[in-house]
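Student: To convert a position in the sequence shown, counted from 1, into this note's numbering, add 139.
Note that CB positions come from ideal geometry on N, CA and C, so glycine has one too.
Computed from a predicted structure; not experimentally measured.
Just passing along the structure, written as structure tokens.
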Amino acid sequence: MSQKGFDVLAHKNILSGIIGMHLEACVDSLISKQHRVSFQHLLLKRKSQPLELVCMGLCYMKDRAIGGALYFATFIDDLSRKLWCFALKTKGQVFEIF
């Protein structure tokens, strides 16, 4: 509870024995309430040619898919943002798909 909250309760005589009592600041509480500095909006340029930059991700699935796949790989082209997704039975298939 904040100092102001205690002062309000003391003024209403809800809590006894706290008149004139001062609370020490809780560092963790103060830090959690601080406003955070926003990220700078960087002007990121996309690549100029298709497939110049392709982002790839490989994910494990908890349950096997109907075809027996246990992984899936995604590829995203930076220019077009086109997405390709492939189901894989083993991690070793990634190079073949790429």
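#1: Roughly how many whole angstroms lie between the Cα atoms of Asp216 and Ser171?
#2: Leu227: buried (16+ other C-beta within 10 angstroms of its C-beta) or exposed?
#3: What is the DSSP secondary structure of Phe237, reduced to helix, strand or coil?
#4: Between Arg220, Ser219, Cys198, Leu218, which lies nearest to Thr229 when the distance is taken from Cα to Cα?
#5: Which stretch, first to last residue, makes up the beta strand (DSSP E) that contains Ile205?
#6: Grab the span of the beta strand (DSSP E) containing Gly196 for me, first residue to last.
Tutor: Based on what the coordinates show:
#1: 39 Å
#2: buried
#3: coil
#4: Cys198
#5: Taken as a continuous stretch (DSSP letters only), Ile205 belongs to no beta strand (DSSP E), as it is neither H nor E.
#6: 193–199
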